[in-house]
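Shown next, in structure tokens, is the structure this report addresses.
2 protein chains.
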Amino acid sequence: MKAKIEAANQEAATRILKAKPTLVNVSTAGDAIPGMKKNMILHAGPPVSWERMCGPMQGAIIGGLLLEGLAKGREEAEALAASGDIVFEPCHHHSAVGPMAGVVTWSMPVWVLENKTFGNRAYCTLNEGLGKVLRYGAFSEEVIARLKWMAEELAPTLREALSKHGEIDMKTMIAQALQMGDEGHNRNRAGTSLFIRELAPDLVRLDRDRDKIAEVFAFMHGNDHFFLNLTMPSCKCTVDPGADIEGSSVIVTMARNGTDFGIRVSGLGDQWFTGPASMVDGLYFPGYSAKDAAPDIGDSVITETAGIGGFAMAAAPAIVKFVGGAPKDAIKFTKHMYDITVTENDVYQIPVLDFRGTPTAIDLIKVVETGILPAVNTGIAHKEPGIGMVGAGLVRPPEKCFHDALEAFVERYADYE
Amino acid sequence: MKAKIEAANQEAATRILKAKPTLVNVSTAGDAIPGMKKNMILHAGPPVSWERMCGPMQGAIIGGLLLEGLAKGREEAEALAASGDIVFEPCHHHSAVGPMAGVVTWSMPVWVLENKTFGNRAYCTLNEGLGKVLRYGAFSEEVIARLKWMAEELAPTLREALSKHGEIDMKTMIAQALQMGDEGHNRNRAGTSLFIRELAPDLVRLDRDRDKIAEVFAFMHGNDHFFLNLTMPSCKCTVDPGADIEGSSVIVTMARNGTDFGIRVSGLGDQWFTGPASMVDGLYFPGYSAKDAAPDIGDSVITETAGIGGFAMAAAPAIVKFVGGAPKDAIKFTKHMYDITVTENDVYQIPVLDFRGTPTAIDLIKVVETGILPAVNTGIAHKEPGIGMVGAGLVRPPEKCFHDALEAFVERYADYE
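Top to bottom, those sequences are chains L and S. Taking this note's numbering, the leading residue of the first sequence gets 1, the next gets one more, and so forth. Taking this note's numbering, the leading residue of the second sequence gets 418, the next gets one more, and so forth.
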């Protein structure tokens, strides 16, 4: 049994390493995402009903309904959300990922990533910035106005520039960013910088109003997390071909909806295994503290699932100023992750560890055997709808989902020779 | 005596720490550099006659004379250079610094940096890129054409954009780059990226041809060393107020002309102490080897003099792919430098060393007492004029200049109570 599982895990890991995530287009959720509907809202994490959703996710859904013109105010939106007329589905069920609340509605622009090795695609909205933003549960007029500008100006401008530029090899860009102090989840200053300089010559050549192009530059420049929404779908289309491999215990999804933390395992198909979303141990913005925090939320843990983010923190010691801890902890996190992964990335390397590849392809069996949980760093949303980001930190996933998944795995493969 | 020297060194170090290097303008050498003349050529390192100049410096001077229209071909340029009609002076005698050959002629564009704390200024040409470039001794038509484009298009465009943007605080930008895997001498990918994104909104707003602005973006994007020519004058205007302090043994200049390595000491005025320029221990471009190399050359060691570059290599472990060695060596270099410096920078920090400040203000006495020479990384020029860059590596300055300087220092301050 062991040899067959190992072979299956090698196959999953090999597929993950062979991925060539590539930015191919900027589109809209309605046009690009398979199965998207006008009355559908995608959200982060495993499936969850409106009633069980945490505050920031409810806030983001209120904002999404306002943005789409499906409701006129908070109460109307809440009533509509509770009415059963809106279909809620996880981003992960639609080849998509969303940071924090992860809310995706019909008209929102999305990055379109393609894994050139396997042909599969992944989708993610564009990053709004920090603070009062939809994905952290804010839905005020300024939030909706920004989302409209993103749909009407930002996305079309980037689409045109990308079309002039041609597809962008995200694997090389992420590899560079890892050598520049990013880890690709909560530190994306290098990636954002590399993306801006890559696209700049084509942006300036567009036959568009110069001031409006300047606003696009300024928006990206003003938000060091802009690149996160590119690493996430890059990681999503990287990991997806590792799913559905008979006998593989590689974890191919980790995601949280603010209520549950869920995982999916390659050899166990579409089944989610969940546990209660944890509280985040982090640094808070002035005026906020742990008592304001919502539990762990978002699909951004796809970065860790693909072997960067918390798994690559040794590449990004400066991140501790954002998520807490000391640089030596950042190095320790990465080193521990080698104990629960199948392989090391041959392109994503960590200079300070002698260019060792990042720990890649989490093995469920190793997680349970060692008791070492995946290292995850994350933003922190206010627990009430309508407020937004209050900090960032480190989080321990719940052990329960790993134990439940292993139990199911053992049962499923009980007669595996 | 010891206490007085220590107090003088503290004063020098404090002035260096208090510096606020700021990019204030793009001008030309003729307009901006004090004492510049049409028949004058500035060069890197301590003073050197045409006859004693190394190949790449002679090559760069030939190119400079061709660029200025003072000669029509190589032979005419060589004859003019040898005639005595051209005045050769070190950049350092004119508040300027130049990488590699460091050749500055009348019409060349220069960055103008101002130390806002003390009001002093420093100047440096704009970076041409790698390979076949003037500063590495190449002077072919393509080299001259690029320099003309830089004077006619690049510099005026950047000047206008900077004027729209307003002055740029270089200390903050360099501090950020150090947290993104740069060390500010031979790794400048982060700095270059940060500079591009900072200026992008203003560049696109210029009332200039879009294709020409796009060429400016593409030129900066295509050259990860673009930022070097900004860190250098930032460091020059940072260190200069530390000079001429009675009783201080702080080294305020290190520079090489490819023939001599020279230093100047705060308490010893304008006097240069020199030793033979060393050969560089490095990595070579395909087709080249150590036998092609010119000795150590350039004013770029101003970065180490100010406490970054080789002194901050722990911040930039990925640099070893460019200059050789292993990441642990990069960390070791920085750690050793604390033994020969007066203080630690309060703004330039190294995440992996628990955000310890970079070792700053080299003390001549400590260098000689410990036998630890300043850690310097550098590019390598071909020894013949007209060829260009062949590699990059690490170099040991000659011990002689430090010993000679200490002898002079002891003599000068013999009756120092």
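Virtual Cβ for every residue (Gly too), placed ideally from N, Cα, C.
Skipping 5 residues on each side, what residues in its chain have a beta carbon closer than 6 Å to that of residue i?
i, result
"V441(S)", "V529, E531, E584"
"A539(S)", "S512, L530, P650, K653, C654"
"I196(L)", "M220"
"R606(S)", "D641"
"L373(L)", "R396, P397"
I'd like to confirm the pairing. Which residues does DSSP put opposite residue i in its beta bridges?
i, result
"R538(S)", "E531(S)"
"N794(S)", "L811(S)"
"I680(S)", "M671(S), F690(S)"
"G45(L)", "Paired residues: none, contrary to the question."
"G699(S)", "G810(S)"
"D346(L)", "None; D346(L) has no bridge partner."
"V521(S)", "L459(S)"
"I365(L)", "I365(L) pairs with nothing; no bridge assigned."
"I561(S)", "None, per the DSSP bridge assignment."
"D586(S)", "T439(S)"
"A293(L)", "H382(L)"
"T758(S)", "I779(S)"
List the residues of chain S whose Cβ lies closer than 9 Å to the Cβ of residue i, in chain order.
i, result
"V204(L)", "A617, L620, V621, R627, D628, I630, A631, V633, F634"
For residue i, which residues in the same chain have their Cβ closer than 7 Å to its Cβ, ignoring the five residues on either side in sequence?
i, result
"G774(S)", "E761, N762, D763, Y765, Q766"
"F636(S)", "L571"
"P463(S)", "P507, A672, N674, D677, G679, W689, T691"
"A733(S)", "G598, D599, E600, R604, A747"
"I668(S)", "I680, V682, T722, I779, L781"
"K533(S)", "K437, T439"
"R146(L)", "E128"
"N456(S)", "D502, I503, V504"
"D821(S)", "F690"
State the DSSP-derived secondary structure class of residue i, mapped to helix, strand or coil.
i, result
"N229(L)", "helix"
"V421(L)", "Lying before the first or after the last residue shown, residue 421(L) is absent from chain L, which here runs from 1 to 417."
"E485(S)", "coil"
"R773(S)", "strand"
"F505(S)", "strand"
"A555(S)", "coil"
"D661(S)", "coil"
"P201(L)", "helix"
"H510(S)", "helix"
"I450(S)", "coil"
"H799(S)", "strand"
"G298(L)", "strand"
"P526(S)", "strand"
"N9(L)", "helix"
"K400(L)", "helix"
"M418(S)", "coil"
"Q596(S)", "coil"
"S249(L)", "coil"
Which residues of chain S have a Cβ atom closer than 7 Å to the Cβ of residue i, listed in chain order?
i, result
"P317(L)", "P768, V769"
Identify, in the order they occur along the chain, each residue of the same chain with its Cβ nearer than 8 Å to the Cβ of residue i, setting aside the five sequence neighbours on each side.
i, result
"E198(L)", "H165, I168, M173"
"F826(S)", "S666, V682, G684, L685, L781, I782"
"N120(L)", "S95, E114, C237, D240, P241"
"G810(S)", "V697, D698, G699, L700, V740, G741, N794, T795, I797"
How would you list, in chain order, the residues of chain L whose beta-carbon sits under 8 Å from the beta-carbon of residue i?
i, result
"L611(S)", "S193"
Determine the chain L residues that contact residue i at a beta-carbon separation under 9 Å, and present them in chain order.
i, result
"A607(S)", "M180, G181, R189, A190, S193"
Residue i versus chain S: which residues are under 8 Å apart at the beta carbon?
i, result
"H221(L)", "R614, E615, A617, P618"
For residue i and chain A, any beta-carbon pair shorter than 8 Å?
i, result
"N120(L)", "Any reference to chain A falls outside this structure, whose protein chains are L and S."
- Positions along the stretch 670 to 685 of chain S whose CB lies within less than 7 Å of some CB in chain L: none
- Message: For the stretch 589 to 605 of chain S, list every residue whose C-beta sits within 7 Å of some C-beta in chain L, in sequence order.
- Response: Q596, M597, G598
- Message: So if I threshold CB-CB distances at 8 Å, which residues from the stretch 223 to 251 of chain L count as touching chain S?
- Response: none
- Item | Chain-ordered residues of the stretch 312 to 338 of chain L with a beta carbon less than 7 Å from chain S | P317, A318, A326, P327
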